[in-house]
Amino acid sequence: MSVIPLSDSSVQPLLQVRDLKMHFPVKEGIFMRTGKFNKAVDGVSFDIMPGETLGLVGESGCGKSTLGRCIARLYQPTAGHIHFKGTDLATLGRKAMMPFRRDIQMIFQDPMESLNSRHTVGEILEEPFIVHNIGDKVWRRQRVSELLELVGLPARSATRYPFEFSGGQRQRIGIARAIALNPKLIICDEPVSALDVSIQSQILNLLIDLQKEFNLSYLFIAHDLAVVKHISDRIAIMYLGRIVESGEGESIYRTARHPYTQSLISAIPVPDPHHTSQRQILVGDVPSPINPPSGCAFHTRCPKVMDTCKTTAPALTQDHQPVSCHLYPV
Numbered sequence: 001m002s003v004i005p006l007s008d009s010s011v012q013p014l015l016q017v018r019d020l021k022m023h024f025p026v027k028e029g030i031f032m033r034t035g036k037f038n039k040a041v042d043g044v045s046f047d048i049m050p051g052e053t054l055g056l057v058g059e060s061g062c063g064k065s066t067l068g069r070c071i072a073r074l075y076q077p078t079a080g081h082i083h084f085k086g087t088d089l090a091t092l093g094r095k096a097m098m099p100f101r102r103d104i105q106m107i108f109q110d111p112m113e114s115l116n117s118r119h120t121v122g123e124i125l126e127e128p129f130i131v132h133n134i135g136d137k138v139w140r141r142q143r144v145s146e147l148l149e150l151v152g153l154p155a156r157s158a159t160r161y162p163f164e165f166s167g168g169q170r171q172r173i174g175i176a177r178a179i180a181l182n183p184k185l186i187i188c189d190e191p192v193s194a195l196d197v198s199i200q201s202q203i204l205n206l207l208i209d210l211q212k213e214f215n216l217s218y219l220f221i222a223h224d225l226a227v228v229k230h231i232s233d234r235i236a237i238m239y240l241g242r243i244v245e246s247g248e249g250e251s252i253y254r255t256a257r258h259p260y261t262q263s264l265i266s267a268i269p270v271p272d273p274h275h276t277s278q279r280q281i282l283v284g285d286v287p288s289p290i291n292p293p294s295g296c297a298f299h300t301r302c303p304k305v306m307d308t309c310k311t312t313a314p315a316l317t318q319d320h321q322p323v324s325c326h327l328y329p330v
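Residue 167 in our numbering sits at position 167 of the sequence shown, and the numbers go up by one each step.
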């Protein structure tokens with residue numbers, strides 16, 4: 001097991017994930033017996049420091065969102081540890097987990113799906129305070145107005161419904177709900193992928209400003225490396241339930257080591273018509289996590305595949321930029 005290296009080892013991590021697994025049972029046959037497992041997350045380890053953003057990148061179906069939901073304990077992990085402020089969240093029951101939900105919040109990909117369309121914005125933003133029994137009615141309404149102004153919306157928005165807003169405005173409401181309880185960690189599950197490009201930068205800049213103001217830590221999940229580059233301090237590349245490369249953001253972009261990372265970076269568009277680059281186009285789709293390939297899970301699509309890749313799974317190297325590839329022996 002290897003952990004993503006930290007830039008400052010003198011500071012205690014806010015979050016420590018160790019060998020986390022989430023295997024969903026797959027029922028088969030007329031008796032619906034569990035014959036196989038969907039290994040959505042299959043042994044992931046990393047740390048997040050206070051005030052830091054860790055970008056988690058990978059194609060659809062690699063397990064990114066499942067990992068985020070495990071950390072928020074929307075899913076009960078199959079195995080592993082989630083240490084948050086000295087407590088292993090993976091071992092907690094529903095009641096014991098309740099106090100920690102104030103400190104760990106999520107921003108979802110589709111704000112329209114995550115916001116209750118039958119409630120006004122004010123009611124949506126008041127709900128966290130009601131659930132945790134914080135403040136009286138007057139205080140809660142005042143706090144709702146403050147939250148709306150923090151995310152760039154007028155206080156009068158509290159009386160309107162989510163469907164009356166644009167996609168970018170709805171995501172601002174989702175962000176306001178996420179910061180309502182003054183959390184320490186926010187899991188951003190592709191928060192800008194459903195938005196227009198012109199709006200994406202506004203939301204990213206808002207997240208950066210809020211992070212500076214409240215010393216927030218982010219786990220920023222995305223499939224677009226260009227977006228992650230703008231906001232992340234460190235980056236982890238995930239493929240088929242496992243982290244295959246990780247390190248400092250600039251280092252990943254300058255000297256990507258894993259063929260999968262190199263392919264993702266080569267796909268980033270460059271706004272220069274005279275710039276020419278050689279695209280590394282991947283062939284085929286991500287294999288099924290129910291029947292993953294033997295050896296290195298990436299070998300079925302890798303342009304640099306070797307015989308040993310087909311039979312032996314590589315281990316993460318123990319250096320400043322860990323990579324799981326036979327091109328870089330441990």
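Ideal Cβ positions, reconstructed from N, Cα and C, are used throughout, including at glycine.
Three-state class that DSSP yields for ILE321 in the structure shown: What you label residue 321 is simply residue 321 of the sequence shown in a count that begins at 1. The sequence as given places Gln at residue 321; Ile does not occur at that position. Coil at GLN321, not helix or strand.
For ASP209, the three-state DSSP class (helix, strand or coil): Numbered from 1 along the sequence shown, position 209 holds the residue referred to as residue 209. The answer is helix: DSSP assigns ASP209 an H, G or I state.
LEU210 to GLY51 span [Cα, whole Å]: Stepping through the sequence shown from its first residue, residue 210 is reached at position 210. Stepping through the sequence shown from its first residue, residue 51 is reached at position 51. The straight-line gap separating the alpha-carbon atoms of LEU210 and GLY51 is approximately 10 Å.
Cα-Cα separation between VAL283 and ALA256, rounded to whole angstroms: One-based indexing of the sequence shown puts residue 283 at position 283. One-based indexing of the sequence shown puts residue 256 at position 256. Looking at the two C-alpha atoms, the distance is approximately 19 Å.
Per-residue DSSP class, three states only, for CYS70: Start at 1 with the first residue of the sequence shown, and residue 70 comes out as number 70. CYS70 falls in the helix class under three-state DSSP.
C-beta contact flag for TYR260 and PHE220 at 8 Å: Within the sequence shown, numbered from 1, the residue matching residue 260 stands at position 260. Within the sequence shown, numbered from 1, the residue matching residue 220 stands at position 220. No, the Cβ-Cβ distance between TYR260 and PHE220 is not below 8 Å.
Reduced DSSP category for LEU153 - H, G, I as helix; E, B as strand; rest coil: What you label residue 153 is simply residue 153 of the sequence shown in a count that begins at 1. Here LEU153 sits in coil by DSSP.
Complete beta strand (DSSP E) runs within the region 227-313 (minimum length 3 residues, chain order): 234-239, 242-248
Where SER117 falls: helix, strand or coil (DSSP): Numbered from 1 along the sequence shown, position 117 holds the residue referred to as residue 117. If DSSP states are grouped into helix, strand and coil, SER117 belongs with coil.
Distance CB(ILE187)-CB(LEU147) smaller than 8 Å: Within the sequence shown, the letter at position 187 stands for residue 187. Within the sequence shown, the letter at position 147 stands for residue 147. It is not a contact, given that the beta carbons lie outside the stated cut-off.
Bridge partners - PHE46, DSSP secondary structure assignment: The residue labelled residue 46 in the question sits at position 46 within the sequence shown. DSSP, once it has assigned bridges, lists VAL17 as partnering PHE46.
Proximity below 8 Å, CB of VAL26 to CB of ASN38: Taking the sequence shown and counting its residues from 1, one reaches residue 26 at position 26. Taking the sequence shown and counting its residues from 1, one reaches residue 38 at position 38. It is a contact, given that the beta carbons lie within the stated cut-off.
Counted within 10 angstroms of its Cβ, other Cβ atoms place LEU74 as buried (16 or more) or exposed: Numbered from 1 along the sequence shown, position 74 holds the residue referred to as residue 74. Answer is exposed; the Cβ neighbour count stays below 16.
For LEU185 and PRO22, the rounded distance between their alpha carbons: As a working note, residue 22 is residue 22 in the sequence shown. As a working note, residue 185 is residue 185 in the sequence shown. What sits at residue 22 in the sequence shown is Met, not Pro. Cα-Cα distance, rounded: 21 Å.
8 Å Cβ cutoff met for VAL333 and GLY241: Absent from the structure is residue 333, since the part of the chain shown begins at 1 and ends at 330.
Simplified DSSP state of GLY122, which is helix, strand or coil: Indexing the sequence shown from 1 puts residue 122 at position 122. If DSSP states are grouped into helix, strand and coil, GLY122 belongs with the helices.
VAL323 vs VAL244 beta-carbon contact at 8 Å: In the sequence shown, counting from the first residue as 1, residue 323 sits at position 323. In the sequence shown, counting from the first residue as 1, residue 244 sits at position 244. When the beta-carbon positions are compared, VAL323 and VAL244 come within less than 8 Å of each other.
Residue burial classification, LEU195 (beta-carbon count within 10 angstroms, cutoff 16): Numbered from 1 along the sequence shown, position 195 holds the residue referred to as residue 195. When all chains shown are included, LEU195 counts as buried.
Continuous alpha helix (DSSP H) stretch holding GLN171: start and end: In the sequence shown, counting from the first residue as 1, residue 171 sits at position 171. Looking at the DSSP string, the run of the alpha helix (DSSP H) that includes GLN171 is 167-179.
Contacting residues, own chain, Cβ-Cβ under 7 Å from SER114 (five flanking each side not counted): Looking up residue 114 in the sequence shown gives position 114. Closer than 7 Å at Cβ, skipping near neighbours: PHE108, GLY174.
Where PRO183 sits in the DSSP three-state scheme: Within the sequence shown, the letter at position 183 stands for residue 183. Residue state, collapsed to three classes: coil.
Nearest-angstrom Cα separation, counted from GLU149 out to LEU181: Here residue 181 is taken as the residue at index 181 of the sequence shown, counted from 1. Here residue 149 is taken as the residue at index 149 of the sequence shown, counted from 1. Their backbone Cα atoms lie some 16 Å apart in a straight line.
Rounded straight-line distance, which links the Cα of PRO191 to that of SER2: The residue you call residue 2 lines up with position 2 of the sequence shown. The residue you call residue 191 lines up with position 191 of the sequence shown. Low local confidence applies: a pLDDT of 49 at SER2 is under 50, so the model's placement there is unreliable, and no value is given.
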